Structure formats: structure tokens, C-alpha cells
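The next block holds one structure in the form of C-alpha cells; read it before the comments.
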Amino acid sequence: MGAQYSSLNNLKSNEYLSRFVSEESISVNDPFWNQFLSFRLQSPFTTAHSKLIDETCSIYLQQFEANNPKTNNYGTLIEVFIRLASAIRDDCDEYIISKLIIYLLKQNSFCFSNIVIWQTYSALFILRCVTKYFIEIDSEQNLHPYFLPQENSDRLSLMSLFVDTLFRTTIAIPVETYTYALHLEVLNTLLSLLSIQMCAKEAALISSIYSIFMHRLDPLLISEFTRTLLEHFIKQTDCPSALAVVPLNDVNGDSGTLYKIGQSVASGLWSVVTLGMGASTTTPTTTTASEGTVSPTDPAYDLRNHHLANQSIHLILILSNHFTNDAHRNPYRLALLHFTDTQDSPTNLPDSEPLPWFSVDYRRLYDVLCQTVHTDQSTLLLYMLLHRNQHFKAYVISRTNIDQIVLPVLRVIYAATERNSHHIYMSLIILLILSEDDYFNKTIHDIKLKKLTW
């Protein structure tokens, strides 16, 4: 670490890391942070390398846990991250400026902001590793001081400001090749924070972390954040080559380290959402000789290289399916179930809902769902939208190409032995919801199908 590429082999002798976890309290303006956050870990890593990160850093993490109550270096690093992320967002406030950034990067003359982006990513990577460790060993106990109101921040806690900054970073910064890693790390950090429900003894309903997500953020911010996650899912942006998976016909194939680490957390939370019955089909698997090979043109290959889209839909479903009592309704669920179409002006919108409405392109969302409904997370999203979002349900039923979404659902049921019971159940419910409509029942029998391979 420190202005150079770093490997796991030299972490034990790294002077910057040793100072960070020591008994020394480092101020937010110390030049140390500029050097410490300039490191670059080689990417991608295999699964073994991802596990090796935890093993290599275990001594440092234990030392940091013991010293942090006195040094507060964890809180200081959060402040450093907030400052760096705010600086990047200031450069991205205007559309013209963001386009200028892209142009200058292509001309290899925009080094300063590129360095700031990487330092922001590095700060967040360290924060996620430490946060994950704190949560795993002692739930929220080590994080308790950061939930207390600060005197100089309108009585907001540092953790509230941290989550707020993560949301605003996702919304404001455009997804480009040079920001993809940062965007993915933001989502992985949010997933790590939400993993508290996997480690805490008490119900997540009374968790301080979940209280921030559900009750302490600006409703406008939540609405825009939900829209941004949906846009990530709709766009299915390709992962940069440094983070992408190797071809699936390589028996040693593996994902980039950012995806592997975040996916392990998302899969665990996914199990909570689906009551232990779900098994995300975007989780990387290797092929065997008996299973054959998968070419890079296969949809399964493309799906595995859309890490940001995959983590976005995981986060949407985890947040929108979190239980809240009647006094505090789930704002993410409200936003998800009442968004409208950018190509239409819906009528009869209820006035009682507290969240502002946002719009996405239904056509693009429908197309992506058709392509990904064979995965259980897309199936669950489709079920929620058909069940509760009346505008999207009406749009789907009115499609002349509705067979493009019905056939993949039928194929899931047809291949029942290869699916989990939760996925089969959701697929059946989707067909039941559609069959309640007379127009659907009439038109579905008039659609002529080409020869099916299955």
C-alpha cells in the first residue's frame, strides 16, 4: 500500500497499514491518508485470493478492533471517504462536466480526478473490510459510537452521513470504465452493512443500521436511489475486462475479486429474503466435461459479466422486502411498487403515498426481465411488480410479444428438477396473476410459437 501496486504477500510488512491499525490516532487532515489510499491491489483475484484477504488481514483486524476505541481511526476514515466522494460528486453535478471528464480521460490528461476516484475506492474497500469484520465478531457493538448524533452535523450520526454519502455517490457519479469499480464497491459496502441481520441476535427491525436505511434518509434520496438501482439493472452495463470473469469453459474460471466478495454477502442476504430456499443463479459455477462448454455469446456468459446489474437487483430486493411496522412503511417498497413509465402519463395516482413518483422506461425494463427471468432474483422482481405495480402489470399484459416473458417462465417450471422450490413457486404465481386477466387469456392462445428446443 502507498502509491504503488500492492499484493497480499507484502501486506504483513506494510508500514501504512501497520500505522493505521496501531494505537496512534491519525487526524483527518494528516498527509498519511493520501499515501495510504493510493495503493492498488491487483485484480481480478480467484476465490482463493478473496479468502486469502481475510486470512492475511486477520491479525491487523484484531489489532484494529482493540485500538480503534482509543484512536477512532475508523471514524476518521469515514470522514476521509465522505470528503473524497463529495469532491467527485462536485465534478459530476453537471452533465456537461461529466462528458468533459470522459473526453479528458480519453486524452490521458485527467490524472487528478482519476487518482481521487481510486483513492475513494480504496477508502471504501478498507471500510467495507473493517465493517464486515466488526459485524461478524460483535454485531453492532463496535459500531455503536458511530450511531450517536454529532454536534457539528445537525445532530446526524456519522453512520447516517456515511450511508447518505453512499447513496448520493451511486446517484451522482456516471457509470464509466474508470468508475465501475467504485460503483460496485459502494453496493458491496451497503450489502455488508445490511448483513447485520445475518449476525445479530435481535430482530433486524430494531437494528440501528436498518433504522438509518428505513427512517433516517431523505425520502427524495431514497426514491432517486431506487430509480438508479433499477437503471443499473436495466442497462446491464458490461463489466470492465479487469473485473470480468474468464470464459465459462475454463474449469478454473472465476470472477473478479470485487464481484466475488460482494456476491458472497448478497447470496447470504438472498437466502434470508427467500427464507433459505433461493439460490441465486448468477452465482458463478464451473462447467464439467459432462455439462459441456458455454460460449461467450451465450446469455449465461453475459449475465455473469454484468456485476453491477446483479448487485443492484440484489440490493433492491433486500431493501424492499425488509419488514417494517405499520408506523413506518418500507420506503423502498413504496418506490418500487409505484414507479411509472417514462413514455406514458398515468392517471389515478394515489395522493396518500409519501414518496415522490419516479419513472423508468417500461419497454427496456420488460426486455431485460424477458432476458433474465430464468434467474430467481428477476423472477421475484417480476412477481412483485405484477402483484403490486398496477401500471407495470397493465403494460405487460398489453404486450403483443408477451410470449417472450411467458416462455422463459414456463421453461423454469419445465426444468423443475434443476430449480429450487421457491423459484418454481414464484413462476407459478406469475402465471396465475397473468391468467386473471381476460385479455391475456384471449391473446395467449392466438400466439403462434416457433419450434421449441426444450
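With this note's numbering, the residue at position 223 of the sequence shown is 224, and numbering never jumps.
Glycine is no exception: its CB is placed at the ideal position from the N, C-alpha and C atoms.
This one's a predicted model, so the numbers in the text were calculated from it and none came from an experiment.
Return helix, strand or coil for residue i, following the three-state DSSP convention.
i: R41; result: strand
i: P241; result: coil
i: K52; result: helix
i: V361; result: strand
i: T190; result: helix
i: D92; result: helix
i: T341; result: strand
i: S19; result: helix
i: P150; result: strand
i: S422; result: helix
i: S379; result: helix
i: S158; result: strand
i: S196; result: coil
i: L218; result: coil
i: R228; result: helix
Buried or exposed: which applies to residue i, given that a residue is buried once 16 or more other Cβ atoms fall within 10 Å of its Cβ?
i: I118; result: buried
i: E186; result: buried
i: L128; result: buried
i: D377; result: buried
i: S428; result: buried
i: R156; result: exposed
i: Y440; result: exposed
i: I448; result: exposed
i: P70; result: exposed
i: A310; result: buried
i: T380; result: buried
i: A86; result: buried
i: A416; result: exposed
i: T454; result: exposed
i: V374; result: buried
i: A67; result: exposed
i: I197; result: buried
i: I213; result: buried
i: K451; result: exposed
i: F324; result: exposed
i: K443; result: exposed
i: I326; result: As written in the sequence, residue 326 is Asn, which differs from the Ile given in the question. Its Cβ having fewer than 16 others within 10 Å, N326 is exposed.
i: P150; result: exposed
Assuming residue i and residue j are in contact, meaning their beta carbons sit under 8 Å apart, how far apart are those beta carbons, in whole angstroms?
i: L162; j: I83; result: 6 Å
i: S500; j: A201; result: Here the chain covers residues 2 to 455 and nothing more, so residue 500 does not appear.
i: I445; j: I403; result: 7 Å
i: I398; j: D438; result: 5 Å
i: I1; j: I174; result: With the chain running from 2 to 455 in the structure shown, residue 1 is simply not present.
Who are the near neighbours of residue i in its chain, counting only those whose CB is closer than 6 Å to its CB and skipping five residues on each side?
i: V176; result: H184 and T238
i: D362; result: T343
i: R389; result: L338
Can you name, in chain order, every residue of its own chain whose Cβ lies under 8 Å from the Cβ of residue i, other than the five neighbours on each side?
i: L12; result: M2, L18, T57, C58 and Y61
i: Y384; result: M427, I430, I431 and I434
Looking only at its own chain, which residues have a Cβ that is under 7 Å from the Cβ of residue i, when we skip the five neighbours before and after it?
i: I172; result: E225, F226 and T229
i: W34; result: V81
i: V369; result: F234, I235 and Q237
Do the region 220-231 and the region 336-343 meet, that is, are 3 or more Cβ pairs less than 8 Å apart?
yes
Could you tell me whether the region 118-127 touches the region 33-41, where touching means 3 or more Cβ pairs closer than 8 Å?
yes
Per the contact definition of three or more C-beta pairs closer than 8 Å, is the region 57-76 in contact with the region 137-153?
yes
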